[in-house]
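**Q** Here it is: the structure, laid out below.
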Amino acid sequence: MHNSHHVSAFRFPALHHHDVLQHKRALHSSFILSQRQYDTRLRSRPETQQLRPIPTRHNSRLGSNFCTPTPKLFTQFRLFQTASMQSKAKLTSKIAIVGAGEVGSTIAYSLILNPITGDVLLIDPKTEVRDAQAQDLSDATYHGNTSTRVRAADSKEAGQCDIVVITAGAAQKEGESRTDLIGRNLKILKSAIDECKPFRDDAVLLIVANPVDVLTHFAQEFSGVPKSQVFGSGTFLDSVRLRGILANKSGVAASSIDAYVLGEHGDSQFVAWSQASIGGVPLSEIVKDSEVEINKNEIAEETKKKAASIMQAKGATAYGIGGVAASICKSILFDQRNIRPVSHWQEELGVCLSMPAVIGREGIVRTIPIRLDDEERKNLEGSVKSLKEVIEEAKKDQ
Ligand SMILES: NC(=O)c1ccc[n+]([C@@H]2O[C@H](COP(=O)([O-])OP(=O)(O)OC[C@H]3O[C@@H](n4cnc5c(N)ncnc54)[C@H](O)[C@@H]3O)[C@@H](O)[C@H]2O)c1
Numbered sequence: 000m001h002n003s004h005h006v007s008a009f010r011f012p013a014l015h016h017h018d019v020l021q022h023k024r025a026l027h028s029s030f031i032l033s034q035r036q037y038d039t040r041l042r043s044r045p046e047t048q049q050l051r052p053i054p055t056r057h058n059s060r061l062g063s064n065f066c067t068p069t070p071k072l073f074t075q076f077r078l079f080q081t082a083s084m085q086s087k088a089k090l091t092s093k094i095a096i097v098g099a100g101e102v103g104s105t106i107a108y109s110l111i112l113n114p115i116t117g118d119v120l121l122i123d124p125k126t127e128v129r130d131a132q133a134q135d136l137s138d139a140t141y142h143g144n145t146s147t148r149v150r151a152a153d154s155k156e157a158g159q160c161d162i163v164v165i166t167a168g169a170a171q172k173e174g175e176s177r178t179d180l181i182g183r184n185l186k187i188l189k190s191a192i193d194e195c196k197p198f199r200d201d202a203v204l205l206i207v208a209n210p211v212d213v214l215t216h217f218a219q220e221f222s223g224v225p226k227s228q229v230f231g232s233g234t235f236l237d238s239v240r241l242r243g244i245l246a247n248k249s250g251v252a253a254s255s256i257d258a259y260v261l262g263e264h265g266d267s268q269f270v271a272w273s274q275a276s277i278g279g280v281p282l283s284e285i286v287k288d289s290e291v292e293i294n295k296n297e298i299a300e301e302t303k304k305k306a307a308s309i310m311q312a313k314g315a316t317a318y319g320i321g322g323v324a325a326s327i328c329k330s331i332l333f334d335q336r337n338i339r340p341v342s343h344w345q346e347e348l349g350v351c352l353s354m355p356a357v358i359g360r361e362g363i364v365r366t367i368p369i370r371l372d373d374e375e376r377k378n379l380e381g382s383v384k385s386l387k388e389v390i391e392e393a394k395k396d397q
């Protein structure tokens, strides 16, 4: 009793009896239609606008371009799809994630929860892990609130996606120097990029693997894609962490706080305190007038050390970067023009590091010329020097 009630409610939750009759009539009146005619008819009827094209059954008499809509069962299948797929069928873009480990799979999960793309493709030379991740993530798509599909793919398909997110990288081994790690990750980056080639003309490459600024520099070189279309997540994650700390202290939502961590995503990063504001009021004024204590050095240090303390306890950080990378993908696909601190080519400085930039479908639309005070400028020069040294060192090893 309970079951039969459940089944009928599940089949036709959004359609009235009248809609069902009309839809059946449409199918019966068009006994043989080409797939295109059939879809056009369905789309042109307001009550069926949410329907997705049905899979065409091969018809040996007419050839594979034709479908023969047959009575009842078929109609029900179609209506069943209406209920579960809703209007999200519009999403046709593809995002490839190269490296299906902790970070790559968490980015995929964020993309499922906030669907902005039709397909997420996972690429990893460890094919067993890749396939298992694809299956596990797919299980998170069947509940019906997402239209994003996840599947395993090869590198060539990745190159033809709208966005290629690169998380392929090795973790630092015990006793391994930073330079050795860079050497290892550079080799991985080069092979990952070479295998994806050729890239679609409008593909945007988002580098997430560390050291992200150095890898972004080399990804621009290895890929041959215009520099504005290759950038790294940079200090966006650090800035989000900073805003979280300030939000907790001030009792204001993190999204109402404007504060950037800039420079290298690493030791030489710095907070652009001179430009920080809450609700448009400069932080310096808020601090003067309020009882909330803002110890800038302590907060900057807590922000910088947050990743290390999480890693020490659980071995990796994934959720923060998952959310951040998915949000960057949204800015790109929807040409949102959000301003984010991401690692991109700095013509004047000759390196890739994080400065606020406008992000859109073409990648970096432009850099925002943020005004820094003397100390912040000195810190920026420190980041430039440190990154240039690492890049020179890495070039020698190549
Ligand atoms: N930018 C950030 O803010 C940020 C935050 C967290 C982690 N990370 C970085 O992300 C990277 C990945 O971290 P993780 O925890 O997911 O590591 P992980 O070891 O879990 O995953 C890395 C994956 O890359 C794969 N891989 C290796 N070579 C490849 C290739 N040629 N092509 C495709 N895939 C390849 C590996 O098989 C592995 O599955 C690391 O470099 C880490 O430091 C960056």
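Residue numbers for the sequence shown follow numbering that gives the first Met the number 0, beginning at 0 and rising by one.
All residues carry an ideal CB built from backbone N, CA and C; glycine is no exception.
Values in this document were obtained by computation on a predicted structure and should not be read as measured data.
Can you tell me whether DSSP reads Thr234 as helix, strand or coil?
**A** Along the sequence shown, read from residue 1 onward, the residue named residue 234 stands at position 235. Coil.
**Q** Skipping 5 residues on each side, what residues in its chain have a beta carbon closer than 8 Å to that of Ile165?
**A** Taking the first residue of the sequence shown as position 1, residue 165 is located at position 166. In its chain, beyond the 5 residues on either side, Val97, Gly98, Leu188, Ala191, Ile192, Leu204, Leu205, Ile206, Val207, Ala208, Leu214 and Ala218 have a beta carbon closer than 8 Å to the beta carbon of Ile165.
**Q** Measure the alpha-carbon distance for Phe221 versus Ala393 and round it to whole angstroms.
**A** Locating residue 221 in the sequence shown gives position 222, counting from the first residue. Locating residue 393 in the sequence shown gives position 394, counting from the first residue. If you take the alpha carbons of Phe221 and Ala393, they lie about 14 Å apart.
**Q** In whole angstroms, what is the alpha-carbon distance linking Ser267 and Ser249?
**A** Walking along the sequence shown from the start, residue 267 turns up at place 268. Walking along the sequence shown from the start, residue 249 turns up at place 250. When rounded, the distance between both Cα atoms is 26 Å.
**Q** Please report the Cβ distance between His136 and Ala95, rounded to the nearest whole angstrom; I am assuming they are in contact, meaning their Cβ atoms lie under 8 Å.
**A** Along the sequence shown, read from residue 1 onward, the residue named residue 136 stands at position 137. Along the sequence shown, read from residue 1 onward, the residue named residue 95 stands at position 96. According to the sequence provided, residue 136 is Leu. The question's His does not apply to it. 14 Å between Cβ atoms; not a contact.
**Q** What residue range is occupied by the uninterrupted beta strand (DSSP E) comprising Val350?
**A** On the sequence shown, position 351 is the one that residue 350 refers to. Note, Val350: beta strand (DSSP E), Val350 to Gly359.
**Q** Please name the residue or residues paired with Trp272 in a DSSP beta bridge.
**A** As a working note, residue 272 is residue 273 in the sequence shown. In DSSP, Trp272 forms no bridge with anything.
**Q** Nearest CA to the CA of Val260: which residue from Gly103, Lys125, Arg129 and Leu371?
**A** What you label residue 260 is simply residue 261 of the sequence shown in a count that begins at 1. Looking at the Cα atoms, Leu371 is the closest of the given residues.
**Q** Thinking just about the alpha-carbon of each residue, which of Glu388, Asp200, Glu175 and Ala167 is nearest to the one in Asn184?
**A** Within the sequence shown, numbered from 1, the residue matching residue 184 stands at position 185. Of the candidates Glu388, Asp200, Glu175 and Ala167, the one whose C-alpha sits nearest the C-alpha of Asn184 is Ala167.
**Q** For Val383, does the count of other Cβ atoms within 10 angstroms reach 16, so buried, or fall short, so exposed?
**A** Position 384 of the sequence shown, counting from 1, holds the residue named residue 383. Classification for Val383: buried.
**Q** Applying the 10 Å Cβ sphere with the 16-neighbour rule, what's the burial state of Thr234?
**A** Residue 234 sits at position 235 when you count from the first residue of the sequence shown. Buried.
**Q** Quick test of the definition: if touching needs 3 or more C-beta pairs under 8 Å, does the region 123 to 132 touch the region 240 to 256?
**A** Judged by Cβ distances under 8 Å, the region 123 to 132 makes no contact with the region 240 to 256, as fewer than three pairs qualify.
**Q** So what does DSSP say about Glu127, is it helix, strand or coil?
**A** If you number the sequence shown from 1, residue 127 lands on position 128. Residue state, collapsed to three classes: helix.
**Q** What residue range is occupied by the uninterrupted beta strand (DSSP E) comprising Lys93?
**A** In the sequence shown, counting from the first residue as 1, residue 93 sits at position 94. Start and end: Lys93 to Val97.
**Q** At which residues does the alpha helix (DSSP H) containing Leu121 begin and terminate?
**A** Residue mapping note: residue 121 aligns to position 122 of the sequence shown, counting from 1. No alpha helix (DSSP H) contains Leu121, which is instead part of the beta strand (DSSP E) from Asp118 to Ile122.
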